[in-house]
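Using this note's numbering, the first residue of the sequence shown is number 241, and each one after it goes up by one.
Please read the structure below before turning to the comments.
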Amino acid sequence: MISKAAARILEELLALPTAPFAERYVMAHVESFCAARRGVTVKTDPAGNLLVRVKKGNTKVRRPVCLTAHLDHPGFIADKMIGKGKLRAIWRGGVRAEYFVGSGVRFFVDGKWRKGRIKSVTKKGTGKAAGVETAVIEISGSIPRGAVGMWDCPEPAIRNGKIYARACDDLAGVAAMLCCIDRLSRSAVAAEGYFLFTRAEEVGFIGALAACRHKTIPANSFVVAVETSSELPSARMGDGPILRVGDKASIFNPAVTEHCREVADSLVGKKRGAKSGFTYQRKLMDGGTCESTAYCELGYEATGVCLALGNYHNMDTKRKRIGSEYVDAGDFASLVEWFVALCNPTNKYEGGNEKLKKRLKKLDQEYSSLLRGTKDGSGI
Numbered sequence: 241m242i243s244k245a246a247a248r249i250l251e252e253l254l255a256l257p258t259a260p261f262a263e264r265y266v267m268a269h270v271e272s273f274c275a276a277r278r279g280v281t282v283k284t285d286p287a288g289n290l291l292v293r294v295k296k297g298n299t300k301v302r303r304p305v306c307l308t309a310h311l312d313h314p315g316f317i318a319d320k321m322i323g324k325g326k327l328r329a330i331w332r333g334g335v336r337a338e339y340f341v342g343s344g345v346r347f348f349v350d351g352k353w354r355k356g357r358i359k360s361v362t363k364k365g366t367g368k369a370a371g372v373e374t375a376v377i378e379i380s381g382s383i384p385r386g387a388v389g390m391w392d393c394p395e396p397a398i399r400n401g402k403i404y405a406r407a408c409d410d411l412a413g414v415a416a417m418l419c420c421i422d423r424l425s426r427s428a429v430a431a432e433g434y435f436l437f438t439r440a441e442e443v444g445f446i447g448a449l450a451a452c453r454h455k456t457i458p459a460n461s462f463v464v465a466v467e468t469s470s471e472l473p474s475a476r477m478g479d480g481p482i483l484r485v486g487d488k489a490s491i492f493n494p495a496v497t498e499h500c501r502e503v504a505d506s507l508v509g510k511k512r513g514a515k516s517g518f519t520y521q522r523k524l525m526d527g528g529t530c531e532s533t534a535y536c537e538l539g540y541e542a543t544g545v546c547l548a549l550g551n552y553h554n555m556d557t558k559r560k561r562i563g564s565e566y567v568d569a570g571d572f573a574s575l576v577e578w579f580v581a582l583c584n585p586t587n588k589y590e591g592g593n594e595k596l597k598k599r600l601k602k603l604d605q606e607y608s609s610l611l612r613g614t615k616d617g618s619g620i
């Protein structure tokens with residue numbers, strides 16, 4: 241279902257520490273990964289976002305795709321030791337306050353994880369809307385200021401058709417983009433696409449907003465942002481990656497969404513006489529707001545795709561405790577196939593929906609005479 245190469249990419253990436261504004265380990269991995277592959281270039285914008293370009297062959301693509309994913313996940317930043325074995329850490333991200341006290345955490349120091357447990361928290365806001373601001377953590381030794389902390393979940397693993405990790409959101413999206421880059425770099429087929437890796441999404445799309453401000457995204461490209469989003473009754477794991485028509489805040493660009501649907505439909509059919517195994521869904525994922533809304537509002541032609549996610553932001557709501565996030569391995573494999581196809585020059589995006597326009601024009605031409613000739617409403 242998932243190739244050995246993809247499994248290796250997933251396990252290496254998902255093991256890395258990350259938090260909003262502290263994505264340095266993931267950024268370094270992405271840069272090293274891309275530098276080792278042909279036809280791949282990497283640029284860093286003034287905000288620290290990474291823009292990767294893959295260009296294979298001489299084909300000129302007028303409107304290339306720009307796939308985007310964010311590099312962070314809700315996490316801790318070590319502030320200072322406030323006593324022997326007591327660390328104060330800053331929290332960044334969206335996890336309900338009741339999940340903190342008593343939960344295990346780990347901080348990445350000198351290439352190794354150091355484990356601790358949360359004893360108390362301070363909150364900002366009031367009532368049920370109050371979120372955690374800082375945490376006091378019991379931990380052995382001294383943790384340096386700026387060390388990245390995450391929930392103490394097991395190392396990433398692929399088992400029973402699922403991918404488990406401390407942070408699938410959005411490192412699974414990042415991994416899918418790296419798998420696509422790897423596939424394109426090794427292929428002899430022409431391809432062109434951009435891959436934007438953004439920072440600090442978990443505190444309000446900060447990296448994406450900066451990428452728009454700095455015009456990091458090529459002006460002629462269309463944008464497809466990838467996320468992992470809580471599984472819904474109408475959008476289940478195992479039914480394929482999800483083409484998002486919108487989120488809680490907005491509806492995305494219809495023409496780009498339709499283009500992605502057409503590319504997906506081309507993958508669904510038979511391949512070399514056998515079923516391709518590719519599946520996808522088209523849904524409104526309105527549980528929250530994603531970067532696609534920001535891109536659309538700031539003038540880009542954008543849509544979104546996502547993987548259905550279990551234990552969103554590590555909140556195991558059934559057991560009422562912190563747990564590993566997880567996504568379906570088959571959904572992930574289909575997402576990579578989709579990305580590769582979007583970078584194929586034969587799948588052209590020209591803007592607008594020409595097929596729909598032609599269909600509407602044909603209908604108008606076929607039946608407009610009846611409107612003119614049947615003023616009495618008889619239809620004859």
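Backbone N, C-alpha and C fix where the C-beta goes; we use that ideal spot for every residue, glycine too.
Since we're looking at a predicted model, the values are computed, not measured.
Nearest neighbour of residue i, chosen from the options [CA to CA]
i, options, result
"Leu547", "Ala318, Leu538, Thr519", "Thr519"
"Arg385", "Phe340, Ala318, Trp331", "Ala318"
"Thr557", "Lys402, Ala407, Gly356, Val335", "Val335"
"Tyr434", "Leu418, Leu538, Ala428, Gly550", "Leu418"
"Thr281", "Leu256, Leu436, Phe261", "Leu436"
"Ser360", "Glu502, Lys352, Asn587, Arg328", "Arg328"
"Tyr589", "Ala504, Asn551, His499, Arg439", "His499"
"Thr438", "Ser532, Gly351, Lys402", "Ser532"
"Leu575", "Val464, Arg599, Glu537", "Val464"
Straight-line gap, residue i to residue j (C-alpha atoms, nearest Å)
i, j, result
"Asp568", "Ser380", "36 Å"
"Ile242", "Thr366", "45 Å"
"Glu467", "Val270", "17 Å"
"Ile421", "Leu596", "32 Å"
"Arg357", "Val376", "9 Å"
"Val496", "Gly591", "7 Å"
"Ile398", "Glu471", "19 Å"
"Thr258", "Lys601", "51 Å"
"Ile562", "Arg354", "18 Å"
"Ile491", "Ala534", "11 Å"
"Val443", "Glu251", "26 Å"
"Ala268", "Glu577", "25 Å"
"Glu594", "Val545", "22 Å"
"Gly513", "Gly344", "Model confidence at Gly513 stands at a pLDDT of 41, short of 50, so the residue's coordinates are unreliable; what they give is reported in the following sentence. Straight-line Cα distance between these residues: approximately 51 Å."
"Arg612", "Ala309", "52 Å"
"Ala539", "Arg501", "Strictly speaking, residue 539 in this sequence is Gly, with Ala absent from that position. The alpha-carbon atoms of Gly539 and Arg501 are separated by roughly 22 Å."
"Asn551", "Ala448", "25 Å"
"Tyr607", "Asp479", "39 Å"
"Asp604", "Leu610", "10 Å"
"Leu311", "Ala407", "10 Å"
"Ala246", "Ala440", "25 Å"
"Ser416", "Gly323", "Reading the sequence as shown, one finds Ala at residue 416 and not Ser. The straight-line gap from Cα to Cα measures roughly 42 Å."
"Lys402", "Val508", "22 Å"
"Arg423", "Val341", "43 Å"
"Leu254", "Arg599", "45 Å"
Residue i and residue j closer than 8 Å at C-beta
i, j, result
"Lys320", "Glu378", "no"
"Tyr404", "Tyr566", "yes"
"Thr529", "Ala489", "yes"
"Arg277", "Ser425", "yes"
"Ser469", "Ala581", "no"
"His553", "Pro260", "no"
"Thr299", "Glu432", "yes"
"Phe445", "Ala387", "no"
"Pro473", "Asp571", "no"
"Lys573", "Gln521", "The sequence given here has Ala at residue 573, not Lys. Cβ distance not < 8 Å, so Ala573 and Gln521 don't count as in contact."
"Asn621", "Glu541", "A question about residue 621 goes unanswered here, because the residues of the chain that appear run from 241 up to 620."
"Arg346", "Gly389", "yes"
"Ala504", "Lys296", "no"
### Message
Count Cβ pairs between the segment 389-404 and the segment 439-454 that sit closer than 8 Å; are there 3 or more?
### Response
Here the segment 389-404 makes no contact with the segment 439-454; the two share fewer than three CB pairs at distances below 8 Å.
### Entirely enclosed beta strand (DSSP E) segments - the segment 516-591, minimum 3 residues
Correct list: 521-524, 542-549, 565-568.
### Query
Would you call the segment 455-464 and the segment 297-304 in contact, with 3 or more CB pairs under 8 Å?
These segments touch.
### Query
Pairing CB atoms from the segment 519-528 with CB atoms from the segment 485-494, are three or more of them under 8 Å?
With a cut-off of 8 Å, the segment 485-494 and the segment 519-528 count as touching, because enough Cβ pairs lie within range.
### Query
Can we say the segment 356-376 touches the segment 337-345, given the rule of at least three CB pairs closer than 8 Å?
Three or more Cβ pairs closer than 8 Å define a contact, and the segment 356-376 meets that threshold against the segment 337-345.
### At least 3 beta-carbon pairs within less than 8 Å: the segment 286-300 vs the segment 400-414
No: the two stretches stay apart, fewer than three of their Cβ pairs being nearer than 8 Å.
### Task
Entirely within the segment 374-415 and at least 3 residues each: give me those beta strand (DSSP E) ranges in chain order.
You should have 388-391, 397-399, 402-405.
### Message
My parser needs the beta strand (DSSP E) runs of 3 or more residues fully inside the segment 267-350; what are they?
### Response
Runs of the beta strand (DSSP E) inside the segment 267-350: 280-284, 290-296, 305-310, 315-323, 326-332, 344-349.
#### Entry: Ordered list of beta strand (DSSP E) runs contained in the segment 414-447, each at least 3 residues
Counting whole runs of 3 or more residues, the segment 414-447 contains the beta strand (DSSP E) stretches 431-438.
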